[in-house]
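Counting from 10, one number per residue, gives the positions in the sequence shown under the numbering used here. Where is the CB? At the ideal position from N, CA and C, for every residue including glycine. Fair warning: this is a prediction, and the values are worked out from it, not measured in the lab. For reference, the structure is listed below as structure tokens.
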Amino acid sequence: MNRSFTAAATDAGQRLDVFLAEKLAPMTRSHIQKLIKDGMVSVGGTPARGSRRLLEGELIEAEIPEPKDAEILPEEIPLDILYEDDDVILINKPKGLVVHPAAGHEEGTLVNALMHHCRGGLSGINGVLRPGIVHRIDRDTTGVMIACKNDLAHNSIAEQLKEHSSTRRYRALVSGVLKEDEGTVDAPIGRDPLNRKKMKSGVPNGKRAVTHYRVLERFRNATYVECVLETGRTHQIRVHMASIGHPLLGDQVYGPQKNPWHLEGQALHAMTFGFVHPTTGEYMEFSAPLPEYFEKLLASLRAQCLALRAHS
């Protein structure tokens, strides 16, 4: 597949790789860099480097190879299973585990683990790269996820997610001290026009997103909250809490680059998932305990508060 673009006056001086990252979204920057390195991108008919600065009126051409049929291989990766039957499986996802294969993460994902555990018996609605996956949580977010073993179950859970009838409760640690005990962020979320890898609250043409939050505990410079999702947009809790001035601790995408707590990603845990079983019609709810790093961080924040009170 060939794509061609002409640099407008507003594109003059922009790097080629930055220009293509916007034009070829949602293709990843690493994929674009590989195309450039392989000589698949030209400016004015000549292969160019990613650092090449564009001139108004220049013709940019990119030759994008047709995607190859992907083969997802089962991998024996330990799973913390909360519940399983012939229709669904709920697991407690650990920090750092990517949900499904993508560029840079072709193996070692939750899907690879499910393929092994379920012997390939997963719903196929989301294609070969995401068998069984009806929703996802970020790599560094921990907690409850549901996967479906057949298309009937997949359609049922997907409809509950769409209609906002499922229960999704999260625990998070956010920076700063929230003044109100509870609140709601109702602001649309869409791609950040300046950085296509990020999401942004309040952007034009964004999709409606609603997050309810409740304070569980306050510390000197952080707050422990419960967040309940009414909708399920990409990075929703992270984006919404950052939009009201309280980004999640450890979130270096939507929060400050400084990470005094030495966290590997955001302090966010999918605590509870509730749904109506697709076959029995029974409402079921499952919770995952807070991970060790989260408990240690809470203990550290509590100890800090006690020490401050002792010296006051």
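Less than 8 Å separates the beta-carbon of L182 from that of Y233. In the three-state scheme derived from DSSP, where H, G and I count as helix and E and B as strand, I142 is classed as strand. Beta-bridge pairing by DSSP links P56 to S51.
DSSP assignment within the stretch 145-210 yields the following whole alpha helix (DSSP H) runs of 4 residues or more, N-terminal first: 160-171. Short of 6 Å from the beta carbon of V285, and not among the five residues preceding or following it, lie these beta carbons of its own chain, in chain order: Y292. Distances from the CA of I166 to each of L82, S132, V248, G105 were compared; the closest alpha carbon is that of S132. Contact check for S175 and G254: beta-carbon distance about 29 Å, past the 8 Å limit, so the pair fails to qualify. DSSP places C236 in the strand class (E or B) of the three-state scheme. Per the DSSP secondary-structure output, A231 pairs in a beta bridge with S184.
The DSSP-derived three-state label of N121 is helix. With the rule of 3 Cβ pairs closer than 8 Å, the stretch 192-202 counts as touching the stretch 243-260. Closest in C-alpha terms to R148, from the list L203, L91, V27, G274, comes G274. With a contact defined as Cβ atoms closer than 8 Å, L64 and A16 qualify at about 6 Å. Residue environment for V186: exposed (fewer than 16 other C-beta atoms within 10 angstroms of its C-beta).
Pairing E235 with R145 gives a Cβ-Cβ distance that is not under 8 Å. In this structure, the straight-line span from the alpha carbon of G117 to that of L138 is close to 13 Å. For A312, the enclosing alpha helix (DSSP H) starts and ends at 301-319. Annotation for L310: F228, A231 place their beta carbon closer than 7 Å to its own, counting only its chain and skipping 5 residues before and after. Taking a cut-off of 8 Å on C-beta distances, the stretch 288-302 touches the stretch 89-102, as three or more cross pairs fall below it.
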